[in-house]
Amino acid sequence: MSAALRNIRRPNLPTTSIRVGTSYASLDLWYVDLDVSAETPGCFSHWLSDDELDRAERFHSDLDRARYVVGRIALRRVLADRLGCPPAAVRLAYGRNGKPMLAGGRGHLEFSLAHCGGDAVIALTECAAIGVDIELLRPVPDVESLARLVFSEVERRELELAPDPVSAFLNGWTRKEAYVKALGLGLTAPLTEIIVSLSGTAALLSTGLRGQSASDWRLLNVPHPRAVVAVALGPHPESTGATSGESGEPRRPSR
Numbered sequence: 032m033s034a035a036l037r038n039i040r041r042p043n044l045p046t047t048s049i050r051v052g053t054s055y056a057s058l059d060l061w062y063v064d065l066d067v068s069a070e071t072p073g074c075f076s077h078w079l080s081d082d083e084l085d086r087a088e089r090f091h092s093d094l095d096r097a098r099y100v101v102g103r104i105a106l107r108r109v110l111a112d113r114l115g116c117p118p119a120a121v122r123l124a125y126g127r128n129g130k131p132m133l134a135g136g137r138g139h140l141e142f143s144l145a146h147c148g149g150d151a152v153i154a155l156t157e158c159a160a161i162g163v164d165i166e167l168l169r170p171v172p173d174v175e176s177l178a179r180l181v182f183s184e185v186e187r188r189e190l191e192l193a194p195d196p197v198s199a200f201l202n203g204w205t206r207k208e209a210y211v212k213a214l215g216l217g218l219t220a221p222l223t224e225i226i227v228s229l230s231g232t233a234a235l236l237s238t239g240l241r242g243q244s245a246s247d248w249r250l251l252n253v254p255h256p257r258a259v260v261a262v263a264l265g266p267h268p269e270s271t272g273a274t275s276g277e278s279g280e281p282r283r284p285s286r
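Counting in our numbering, the sequence shown runs from 32 upward without gaps.
Dropping the structure here:
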């Protein structure tokens, strides 16, 4: 890893071999500090595609633009290291709902990128679907109203009994988002029909989708010094009809 990219680090995980259904999948996780020196985005922006550069120009905020570019630089660095190619040679494609993937499905490598504020997380695996989400630990006003928008009745009852409703909400939200991102559903996901645990032990209780079995999926929470991070691993996706183009921003509940 380049000395200029020391904003990328691996967290300590108990294991990198995760049981998913009846088999095992690898998990490679990277944490990224998006708020690096002002020189970093410019020094490495030649790694980005025209599509990514166009996307960056559409940000109104200089801070948001710089964070987006740094996140894409980090993603290309991590993928290039795994693929054994220059970062600029990594070719990305996008599914119908904006899920990014490697063009041509090289080596069945799957990845997911999430960010919140100045922090991002990149998750990689092989021969499995993967999604990741991150939410910074912070006060969340009117948790109950947000829960009515994205939680099932079962989850709302668990939230009412939780000793720390904010932590429980962030657990549930990140787990749902990680699962939805692994499937590449985007805004089409029936969030109130997908049921996850809100406690410290992550679990998918109901997929809310025909043809999906909760027993085929594994949800994990991984430690982060200032955020809640959830990872979802499941059966390797079938062809999703990827097309070139930029993905949309991750959906987040209204603050």
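Idealized CB from N, CA, C, for every residue including glycine. The model shown is predicted, which means the values in this text are computed figures rather than measured ones.
Asked: Candidates P117, L65 and R206, of which the one nearest C29 by Cα; Found: Because residue 29 is not part of the residues shown, which for the chain are 32 to 286, the question remains open.
Asked: Exposure label - P131; buried when at least 16 CB within 10 Å; Found: buried
Asked: Anticipated Cβ contact below 8 Å, A105 with V63, distance rounded; Found: 4 Å
Asked: Own chain residues within Cβ distance below 7 Å of A258, not counting five before or after; Found: C147, D150, I165, E166, L167 and L168
Asked: Identity of the residues DSSP links to W61 by a beta bridge; Found: I153
Asked: Residues that DSSP places opposite I165 in a beta bridge; Found: V260
Asked: Local conformation of H267 per DSSP, three classes; Found: coil
Asked: Start and end residues, alpha helix (DSSP H) containing I20; Found: Here the chain comprises residues numbered 32 to 286, so residue 20 is not present and cannot be evaluated.
Asked: Beta-carbon spacing of I225, G242 below 7 Å; Found: no
Asked: Exposure label - A34; buried when at least 16 CB within 10 Å; Found: Here A34 scores only 39 on pLDDT, less than 50, and its place in the model should not be relied on; the value that follows carries that caveat. Burial call: exposed.
Asked: Nearest to D289 (by Cα), restricted to the options A154, L201 and R107; Found: For residue 289 there is no data in the structure shown, the boundaries of the chain being 32 and 286.
Asked: As assigned by DSSP and simplified to three states, the class of S244; Found: coil
Asked: Length of the line joining the Cα atoms of L251 and G102; Found: 22 Å
Asked: DSSP state of L44 mapped onto helix, strand, coil; Found: coil
Asked: Burial state of N43 (16 or more Cβ within 10 Å); Found: exposed
Asked: Exposed unless 16 or more other CB atoms sit within 10 angstroms - verdict on G126; Found: buried
Asked: A119 versus R96 - alpha carbon distance; Found: 19 Å
Asked: E184, buried or exposed, once every other Cβ within 10 Å from all chains shown has been counted against 16; Found: exposed
Asked: Inter-residue Cα distance where the pair is A111 and L123; Found: 12 Å
Asked: For A245 and E157, the rounded distance between their alpha carbons; Found: 20 Å
Asked: Three-way DSSP call (helix, strand, coil) for N38 in this model; Found: coil
Asked: Of the residues H77, Y55 and P45, the one placed nearest V100, counting alpha carbons only; Found: H77
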